[in-house]
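K.L.:
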Amino acid sequence: MPFINTNQQPQKEEKYKLVDEILSATDYYRVLGIKRDASTEEIRRAYIKKSRACHPDKFVPSYPRATESFQILSIAYETLSNPSSKLLYDVSKHKGTSTTSASFAPSDDDNPNDTLQRVLHQLFNEMLDGEFQTMRAFIHALNETNPGMHITEDAILQIELGFRKMRELFQSTHQYYKVVQFELMRLYELQHELRTLSYFSLWRRMQLSITICKVLLQLPIIINAESKQRQLLEDTDNGCKKRRDQHGGILNQKIENALQMAVGLLETGEKYTKAW
């Protein structure tokens with residue numbers, strides 16, 4: 001009998017419940033679920049957390065109310081994350097102006113996904129600035145404490161090359177953010193939880209560190225697969241035929257193999273720590 005995830009249905013119901021809460025909220029603070037004196041970081045975290053749950057791509061089949069709630073969520077974030085528009089909004093609320101007044105209604109040019117991609121771009125630059133050095137140190141620590149999970153120095157070098165290629169690609173174009181948007185949001189939430197943990201929560205810190213490393217290393221793999229697919233479609237459209245020995249994508253075979261190996265080992269470590 002196949003394994004049945006008993007948590008699947010409650011999670012699905014929670015997703016729809018969140019959409020209803022956003023659509024029934026009486027102001028933008030309630031839309032985001034924050035206090036009026038929330039910091040910029042708290043506003044951003046609330047937006048990312050809810051975006052990850054109610055993004056229209058999360059609903060199959062498509063759910064029109066999810067699209068509407070995601071639009072309102074993006075408007076609320078755009079309004080409250082900017083000090084000037086937040087002040088104007090607070091003043092208009094004090095005067096009794098409707099939350100959905102023309103001043104804050106989305107224009108035809110507004111795209112909620114553009115807001116999300118912009119936030120993710122900022123997140124990526126903040127989270128990954130020097131992150132690989134932390135990851136390298138963590139991988140060495142895992143090697144020392146877990147001989148069965150050994151990742152060679154050559155593999156670490158190949159992983160770093162793949163990581164840097166991904167960073168260069170992200171810096172030169174925004175087209176791949178949509179492909180990894182949910183992984184980036186999850187990574188942000190994991191890092192936030194790690195920062196808020198007590199120093200005495202050593203086991204949970206180990207669990208989170210392994211998962212963060214795994215998610216981080218999955219990013220270039222996902223982007224490489226998407227790059228291959230786009231290249232294949234482009235070659236098909238142009239009537240080109242690739243030789244079988246041409247790997248394609250943004251990573252060579254050696255780098256991709258090293259990343260896959262590291263992710264596999266980290267997944268093993270993740271399962272081991274969760275079993276305790």
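When the sequence shown is numbered by the UniProt record's numbering, its final residue is 276 and no position is left out of the sequence of numbers. All C-beta atoms in this analysis are idealised placements derived from N, C-alpha and C, irrespective of residue type, glycine included. Bear in mind that the values here come from a model prediction, so they are computed numbers and not experimental data.
1) What distance in whole Å lies between the Cβ atoms of Tyr177 and Gln117, which are believed to be in contact at a cut-off of 8 Å?
2) Using beta-carbon positions only, say whether Ile212 and Leu187 come within less than 9 Å of one another.
3) Apart from the five residues just before and just after Arg204, which ones in its own chain have a Cβ nearer than 8 Å to its Cβ?
4) Give every residue of the same chain whose Cβ lies closer than 7 Å to the Cβ of Leu219, excluding the five residues on either side of it in the sequence, and list them in chain order.
5) In whole angstroms, what is the alpha-carbon distance linking Leu259 and His140?
6) How big is the Cα-Cα spacing for Asp154 and Gln191?
7) Is Gly249 helix, strand or coil when you go by DSSP?
8) What does the Cβ neighbour count give for Leu202, buried or exposed, with the cut at 16 atoms within 10 Å?
9) For Lys214, count the other beta carbons within 10 Å of its own beta carbon; 16 or more makes it buried, fewer makes it exposed. Which is it?
10) Where Phe124 and Leu265 are concerned, what is the direct C-alpha to C-alpha distance, given to the nearest angstrom?
11) Let me confirm a value: Ala137 is counted as buried when at least 16 other C-beta atoms fall within 10 Å, else exposed. Which label applies?
12) Using beta-carbon positions only, say whether Ile255 and Ser227 come within less than 9 Å of one another.
13) Roughly how many whole angstroms lie between the Cα atoms of Glu234 and Asn224?
14) Taking DSSP as the reference, what is the three-state secondary structure of residue 291?
15) Taking the straight line between their C-alpha atoms, what separation do you get for Glu267 and Ser209?
16) Does the distance from the C-beta atom of Tyr29 to that of Leu80 stay below 9 Å?
17) So is Ala102 buried or exposed if we call it buried at 16+ other beta carbons inside 10 Å?
18) Within its chain, find whatever has a CB closer than 8 Å to the CB of His174; leave out the 5 residues flanking it on each side and keep chain order.
19) Rounded to the nearest angstrom, what separates Gln229 and Glu144 at their Cα positions?
20) Check for me: the alpha helix (DSSP H) holding Asn113 runs from which residue to which?
21) For the 8 Å Cβ check, are there 3 or more pairs between the stretch 36-43 and the stretch 55-66?
22) State yes or no: is the C-beta of Thr115 within less than 9 Å of the C-beta of Glu78?
23) Just how far apart, CA to CA, sit Val263 and Ile159?
24) Taking buried to mean at least 16 other C-beta atoms within 10 Å of its own C-beta, is Phe170 buried or exposed?
25) Beta carbon of Ala25, beta carbon of Ile72: below 9 Å?
26) To the nearest whole angstrom, what separates the beta carbons of Gln231 and Thr273, a pair I think is in contact under 8 Å?
27) On a Cα-Cα basis, can you pick out the residue from Asn82, Ser62, Lys271 and Ser51 that is closest to Pro112?
28) Please indicate yes or no: does the CB of Val31 lie closer than 8 Å to some heavy atom of the ligand GTP?
29) How many Å lie between Glu13 and Glu270 at the Cα?
P.N.:
In terms of the structure at hand:
1) Residue 117 sits at position 117 when you count from the first residue of the sequence shown. Residue 177 sits at position 177 when you count from the first residue of the sequence shown. Going by Cβ atoms, the distance from Gln117 to Tyr177 rounds to 5 Å, so yes, they are a contact pair.
2) The residue given as residue 212 occupies position 212 in the sequence shown. The residue given as residue 187 occupies position 187 in the sequence shown. In contact: Ile212 and Leu187 (Cβ atoms closer than 9 Å).
3) In the sequence shown, counting from the first residue as 1, residue 204 sits at position 204. Excluding positions up to five away in sequence, the list reads Leu197.
4) Here residue 219 corresponds to residue number 219 of the sequence shown, with the count starting at 1. Answer for Leu219: Met166, Val180 and Glu183, listed in chain order.
5) Position 259 of the sequence shown holds residue 259. Position 140 of the sequence shown holds residue 140. Taking the straight line from one Cα to the other gives about 15 Å.
6) On the sequence shown, residue 154 is found 154 positions in, with the first residue counted as 1. On the sequence shown, residue 191 is found 191 positions in, with the first residue counted as 1. Answer to the nearest angstrom: the Cα atoms are 27 Å apart.
7) Reading the sequence shown from its first residue, position 249 is the one you call residue 249. Coil, per DSSP.
8) The sequence position of residue 202 within the sequence shown is 202, counting from 1. Leu202 should be labelled exposed.
9) Taking the first residue of the sequence shown as position 1, residue 214 is located at position 214. Classified as buried, Lys214 has 16 or more neighbouring CB atoms from the shown chains inside 10 Å of its CB.
10) As a position in the sequence shown, residue 124 is number 124, starting the count at 1. As a position in the sequence shown, residue 265 is number 265, starting the count at 1. Taking the straight line joining both Cα atoms gives about 24 Å.
11) Translated into positions along the sequence shown, residue 137 becomes position 137. Ala137 is exposed by the Cβ-count criterion.
12) One-based indexing of the sequence shown puts residue 255 at position 255. One-based indexing of the sequence shown puts residue 227 at position 227. For Ile255 and Ser227, no; Cβs fall outside 9 Å.
13) Looking up residue 234 in the sequence shown gives position 234. Looking up residue 224 in the sequence shown gives position 224. Between Glu234 and Asn224, the C-alpha separation is close to 15 Å.
14) The structure shown does not extend to residue 291, since the chain is modelled only from 1 to 276, so the question has no answer here.
15) One-based indexing of the sequence shown puts residue 267 at position 267. One-based indexing of the sequence shown puts residue 209 at position 209. Going by the C-alpha atoms only, they are around 12 Å apart.
16) As a position in the sequence shown, residue 29 is number 29, starting the count at 1. As a position in the sequence shown, residue 80 is number 80, starting the count at 1. Going by C-beta atoms, Tyr29 is nearer than 9 Å to Leu80.
17) For the purposes of this step, residue 102 is taken as the residue at position 102 of the sequence shown. Caution is warranted here: a pLDDT of 39 is assigned to Ala102, below 50, making its placement in the model unreliable, and the coordinate value is therefore given only provisionally. Its Cβ having fewer than 16 others within 10 Å, Ala102 is exposed.
18) Residue mapping note: residue 174 aligns to position 174 of the sequence shown, counting from 1. Cβ neighbours of His174 beyond the five flanking positions: Gln117 and His121.
19) Counting from 1 along the sequence shown, the entry for residue 229 is found at position 229. Counting from 1 along the sequence shown, the entry for residue 144 is found at position 144. Whole-angstrom Cα-Cα distance: 38 Å.
20) Walking along the sequence shown from the start, residue 113 turns up at place 113. Here the alpha helix (DSSP H) through Asn113 covers Pro112 to Met127.
21) No, the stretch 36-43 is not in contact with the stretch 55-66.
22) As a working mapping, residue 115 is identified with position 115 in the sequence shown. As a working mapping, residue 78 is identified with position 78 in the sequence shown. Yes, the Cβ-Cβ distance between Thr115 and Glu78 is below 9 Å.
23) What you label residue 263 is simply residue 263 of the sequence shown in a count that begins at 1. What you label residue 159 is simply residue 159 of the sequence shown in a count that begins at 1. In a straight line, the C-alpha of Val263 is about 10 Å away from that of Ile159.
24) In the sequence shown, counting from the first residue as 1, residue 170 sits at position 170. By the Cβ-count criterion, Phe170 is buried, with 16 or more other Cβ atoms from all chains shown falling within 10 Å of its own Cβ.
25) Within the sequence shown, residue 25 is the residue found at index 25, counting from 1. Within the sequence shown, residue 72 is the residue found at index 72, counting from 1. Result yes, Cβ atoms of Ala25 and Ile72 sit closer than 9 Å.
26) Numbered from 1 along the sequence shown, position 231 holds the residue referred to as residue 231. Numbered from 1 along the sequence shown, position 273 holds the residue referred to as residue 273. At roughly 37 Å, the Cβ-Cβ gap does not stay under 8 Å, so Gln231 and Thr273 are not in contact.
27) Your numbering for residue 112 matches position 112 in the sequence shown. Ranking Asn82, Ser62, Lys271 and Ser51 by Cα distance to Pro112 puts Ser51 first.
28) This structure does not include the ligand GTP; it has no bound ligands of any sort.
29) In the sequence shown, counting from the first residue as 1, residue 13 sits at position 13. In the sequence shown, counting from the first residue as 1, residue 270 sits at position 270. Straight-line Cα distance between these residues: approximately 28 Å.
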